[in-house]
Amino acid sequence: MPKTKFQEVIFTILMAGVMVYGLVCYNIALNVGDFTNYVFGAAFSELPVMVVAAVALELIFVGGLAKSIAFKLTDPAKTQPFFIMSAVSAASVWLMCPCMSFIAVVLFKGGILQREVISIWIKTTVLNFPMAFFWQFFAAGPLVRFIFKKVFKSNN
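Using this note's numbering, you'd call the opening residue of the sequence shown number 163 and step up by one each time.
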């Protein structure tokens with residue numbers, strides 16, 4: 163969808179914001195034991211640092227690698243755009259979820275020096291992965307693509 167580097171950065175910021183907000187809400191709900199109105203506001207305390215981390219990871223590392231993986235699984239010349247987009251989205255979740263879960267463990271779940279850091283990271287990743295996958299495919303992805311198309315309608 164993005165056609166220029168500027169559009170790619172804007173798309174990444176939008177996607178990171180929506181994905182991070184959804185996953186932070188989910189993790190807070192897991193931590194407090196319920197999904198209440200409190201969760202929606204509490205998520206804003208973690209949002210800035212996690213969005214910056216997600217944008218940096220995506221632009222520096224994950225974005226190119228996810229596309230490379232997706233293009234090994236699909237042939238862009240023969241594959242419908244929906245399936246290419248799905249492959250890129252799946253690869254992005256597959257790569258981002260462990261990375262962002264690790265950052266969350268380090269920043270919000272006791273830090274890297276605790277004895278159980280690896281097991282907490284694995285547990286956090288396992289709990290986050292299904293939510294990240296479904297949030298990406300059924301909420302964040304469609305919403306961000308809709309917004310992006312509206313903002314850049316003259317270019318698409």
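Cβ coordinates follow ideal geometry from the N, Cα and C atoms, glycine included. Note that the structure is a prediction, hence the values are computed from the model and not measured.
Three-state secondary structure (DSSP) of residue i
i, result
"Ala216", "helix"
"Lys240", "coil"
"Gly272", "coil"
"Gly195", "coil"
"Arg307", "helix"
"Glu278", "coil"
"Met177", "helix"
"Pro164", "coil"
"Lys285", "helix"
Reference residue i, options the options, closest by Cα
i, options, result
"Ala178", "Glu278, Gly272, Thr241, Val224", "Val224"
"Phe211", "Lys229, Val182, Ile274", "A quick correction: the sequence has Val, not Phe, at residue 211. Here the closest residue by C-alpha is Val182."
"Ile190", "Phe173, Ile175, Leu176, Glu208", "Glu208"
"Ala218", "Cys261, Met293, Lys312, Val306", "Cys261"
"Val279", "Val255, Ser263, Val186, Ala204", "Ser263"
"Gly226", "Val171, Leu305, Arg307, Asn290", "Val171"
"Leu305", "Phe173, Gln169, Ser281, Thr166", "Phe173"
"Ile282", "Asn193, Phe296, Phe206", "Asn193"
"Ala216", "Val180, Asp237, Gly303", "Val180"
Residue environment, residue i, which counts as buried when at least 16 other CB atoms sit within 10 Å
i, result
"Phe300", "exposed"
"Glu220", "buried"
"Gln242", "exposed"
"Tyr188", "buried"
"Ser230", "exposed"
"Val255", "buried"
"Asn199", "exposed"
When you compare the segment 241-250 with the segment 266-274, are there three or more beta-carbon pairs, one atom per stretch, that lie closer than 8 Å?
Counting Cβ pairs under 8 Å, fewer than three are found: no touch.
Inter-stretch contact at 8 Å, needing at least 3 Cβ pairs: the segment 260-272 / the segment 286-298: Yes, the segment 260-272 is in contact with the segment 286-298.
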